[in-house]
Amino acid sequence: MKETIHIYHTNDLHSHFEQWPKIKRYLHEKKKEHAVHNETVFMFDIGDHADRFHPLTEGTGGKGNIELMNEIGYDAVTIGNNEGITFSYDELSSMYRAANFPVVVSNLFELHGDRPKWTVPHMILESKTGFRLAVIGVTAYYEHFYKKLGWRVTPPMEEVEIELQRLKSQYDGLVLLSHLGLADDEWIGSEYSQIDLILGGHTHHVLKQGKDVNGTLLGAAGKYGYFIGHMEIEISEDHKILSKRAELIHTQDLPEEEGDQVYVHHYLHAGREKLSRQVTTLTHPLKSNWFDTSPLGQILCQSIHEWTNADCTMINAGLLMGDLEEGMVTRYDLHQLLPHPINPCVIELKGNELKEVLKQSLNSDWTYYELKGLGFRGKVFGTMLFHHVEFGSSINQVYVKGKEIEPNKTYRLGTIDMFTFGHFFPELQRAKKHYYMPEFLRDVLEESLK
Numbered sequence: 048m049k050e051t052i053h054i055y056h057t058n059d060l061h062s063h064f065e066q067w068p069k070i071k072r073y074l075h076e077k078k079k080e081h082a083v084h085n086e087t088v089f090m091f092d093i094g095d096h097a098d099r100f101h102p103l104t105e106g107t108g109g110k111g112n113i114e115l116m117n118e119i120g121y122d123a124v125t126i127g128n129n130e131g132i133t134f135s136y137d138e139l140s141s142m143y144r145a146a147n148f149p150v151v152v153s154n155l156f157e158l159h160g161d162r163p164k165w166t167v168p169h170m171i172l173e174s175k176t177g178f179r180l181a182v183i184g185v186t187a188y189y190e191h192f193y194k195k196l197g198w199r200v201t202p203p204m205e206e207v208e209i210e211l212q213r214l215k216s217q218y219d220g221l222v223l224l225s226h227l228g229l230a231d232d233e234w235i236g237s238e239y240s241q242i243d244l245i246l247g248g249h250t251h252h253v254l255k256q257g258k259d260v261n262g263t264l265l266g267a268a269g270k271y272g273y274f275i276g277h278m279e280i281e282i283s284e285d286h287k288i289l290s291k292r293a294e295l296i297h298t299q300d301l302p303e304e305e306g307d308q309v310y311v312h313h314y315l316h317a318g319r320e321k322l323s324r325q326v327t328t329l330t331h332p333l334k335s336n337w338f339d340t341s342p343l344g345q346i347l348c349q350s351i352h353e354w355t356n357a358d359c360t361m362i363n364a365g366l367l368m369g370d371l372e373e374g375m376v377t378r379y380d381l382h383q384l385l386p387h388p389i390n391p392c393v394i395e396l397k398g399n400e401l402k403e404v405l406k407q408s409l410n411s412d413w414t415y416y417e418l419k420g421l422g423f424r425g426k427v428f429g430t431m432l433f434h435h436v437e438f439g440s441s442i443n444q445v446y447v448k449g450k451e452i453e454p455n456k457t458y459r460l461g462t463i464d465m466f467t468f469g470h471f472f473p474e475l476q477r478a479k480k481h482y483y484m485p486e487f488l489r490d491v492l493e494e495s496l497k
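Note that the working numbering has the sequence shown beginning at 48, numbered continuously upward.
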């Protein structure tokens, strides 16, 4: 007999739990509804469910996210970079051991060994009529960051090729869980016609009715739980795919029930409780300022400088999301102050390169720039803050530790990882660098304040 298979997918929640009660209720209702009609339902998450900007995620080491996902009853998930490279090796491993769903990621390995025990490279799901749906998962290729944390990540396209060969003749349909981004999904769809569906994420793209690429249907549900993805596949009696269609359900249009916001506030409160450990006691307040130097800004800048053993340091003032008041300071206070999953780093530059970077950092257009992405969870970029950097009367006069920069001398510039991705400083993307992981800026500041 013919069959209809329903696939629901979520991606890039980033611990924005505002819509989570609606998402959970909707998916549970759909499971019941399709069961009444004897229809098969599969549910997937495509990664970046966890984001350490949220107190629950930070306070539980991501386990709070897994508990919420366990309530959905996902058939499989893959991981995103916010899981893979913002948690320590032990945190990531411990986090997914509590999952009641398979974690499908084919391009993640132990640094000198096999796949993590909590992952599988693929799986095969079976519908009510015996239709075999193969599932492959891949995550974004941040090789250097994974290596620093004790993992080996391999090029995702290579693993897709390997898994397709391995699964040959074992499935009737194939879905790829891809935390790679739209451009890569389009390329994979154009190259591998045997992949029927690609459920995507990472670049937060919204495909309201999916996108057909060479017969492969791409789906993606944006970010932050704004949408739930739904695909409907019609299957013939001999298990051939007759048709595929995709849609998005806007969670804003779903009914809110009494108690939904109580749950959302509970997530915040539970995280705050987990982060209640005292770090220090301040005898006076420490103020910050996005648009000027400030006591707290200079302390953070100096803390990164010392942490990275740099010759000079630069950061942006917009990193600081508030002040620290007199009295007790907790881990929660530091988390709210610096919620970003951003690591300190040090970059080696010749003097002439360093001078150009420091001159470029004075770009006044950046001060009020509303920065999105790159790990930044703040509002605006803010002014640039420096330690052991001075500018003379001429723009070409730049001093480090009171001495004019020597063109051919090698300097160590302490800064933050988001400046190395090429968006602001292309030179830093190519330079030799060392990332300090898994410590975030709030961890560095905590050590400085103790």
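Note that the Cβ used here is the ideal one computed from N, Cα and C, for glycine as well.
Since this is a predicted model, take the numbers as computed values, not measurements.
Looking only at its chain, what residues have a beta carbon closer than 7 Å to the beta carbon of residue i, apart from the 5 residues adjacent to it on each side?
i	result
Pro332	Asp370, Leu371, Glu372 and Glu373
Tyr193	Gly131, Ile132, Arg199 and Val200
Ile444	Checking the sequence, you will find Gln at residue 444 rather than Ile. For Gln444, where only same-chain residues beyond five positions count, the Cβ hits under 7 Å are Phe438 and Glu451.
Asn336	Gly344 and Ala364
Leu349	The sequence shown places Gln at residue 349, rather than the Leu named in the question. For Gln349, where only same-chain residues beyond five positions count, the Cβ hits under 7 Å are His434.
Name, in chain order, the residues that DSSP records as bridge partners for residue i.
i	result
Gln325	Thr377
Phe91	His56 and Ala123
Pro391	Ile463
His169	Ile183
Ile288	Ile282
Lys258	Leu265
Lys175	DSSP output for Lys175 lists no bridge partner at all.
Arg199	Phe156
Ala364	Beta-bridge pairing links Ala364 to no other residue.
His226	Thr186
Ala97	According to DSSP, which records beta bridges pairwise, Ala97 is partnered with nothing at all.
Phe423	Gly420
Ala293	Met278
Ile113	DSSP lists no partner for Ile113.
Val83	Answer is none; Val83 lacks a bridge partner.
Val150	Val124
Lys397	Thr457
Cys348	Paired residue(s): none; Cys348 is not in a bridge.
Val253	Ala268
Rounding to the nearest angstrom, what Cα-Cα distance links residue i and residue j in this structure?
i	j	result
Phe466	Trp67	33 Å
Ile346	Leu244	50 Å
Val182	Gly111	26 Å
Gly184	Glu437	49 Å
Pro391	Arg162	29 Å
His435	Pro203	42 Å
Tyr218	His286	10 Å
Gly439	Lys406	11 Å
Lys78	Arg99	30 Å
Lys480	Ile113	33 Å
Met142	Thr107	9 Å
Asp259	Met90	21 Å
Phe156	Tyr73	35 Å
Leu366	Lys321	23 Å
Asp412	Phe428	10 Å
Leu264	Ile275	16 Å
Val404	Phe472	7 Å
Val88	Tyr379	40 Å
Gly449	Ile70	57 Å
Excluding the five sequence neighbours on either side, which residues of its own chain have a C-beta within less than 6 Å of the C-beta of residue i, listed in chain order?
i	result
Ile235	none
Phe64	Val311 and Tyr314
Ile126	Gly94, Val152 and Thr186
His75	none
Leu223	Ile183, Ile242 and Ile245
Lys402	Val445 and Ile452
Gly422	His387, Pro388, Ile389 and Met465
Please list, in chain order, all residues of the same chain as residue i whose beta carbon is under 8 Å from its beta carbon, the five residues on each side excluded.
i	result
Asn455	Lys397, Gly398 and Asn399
Asp339	Ala364 and Thr430
With a threshold of 16 other CB atoms inside 10 Å of the CB of residue i, please say whether the residue is buried or exposed.
i	result
Arg144	exposed
His252	buried
Ile463	buried
Asp137	exposed
Thr328	exposed
Ser225	buried
Arg424	buried
Asp59	buried
Glu105	buried
Leu289	exposed
Val83	exposed
Leu158	exposed
Ile119	buried
Thr355	buried
Leu103	buried
Ala230	exposed
Runs of alpha helix (DSSP H) lying entirely within the stretch 428-497, each at least 4 residues, in chain order:
Listed in chain order, the complete alpha helix (DSSP H) runs (minimum 4 residues) inside the stretch 428-497 are 473-477 and 488-496.
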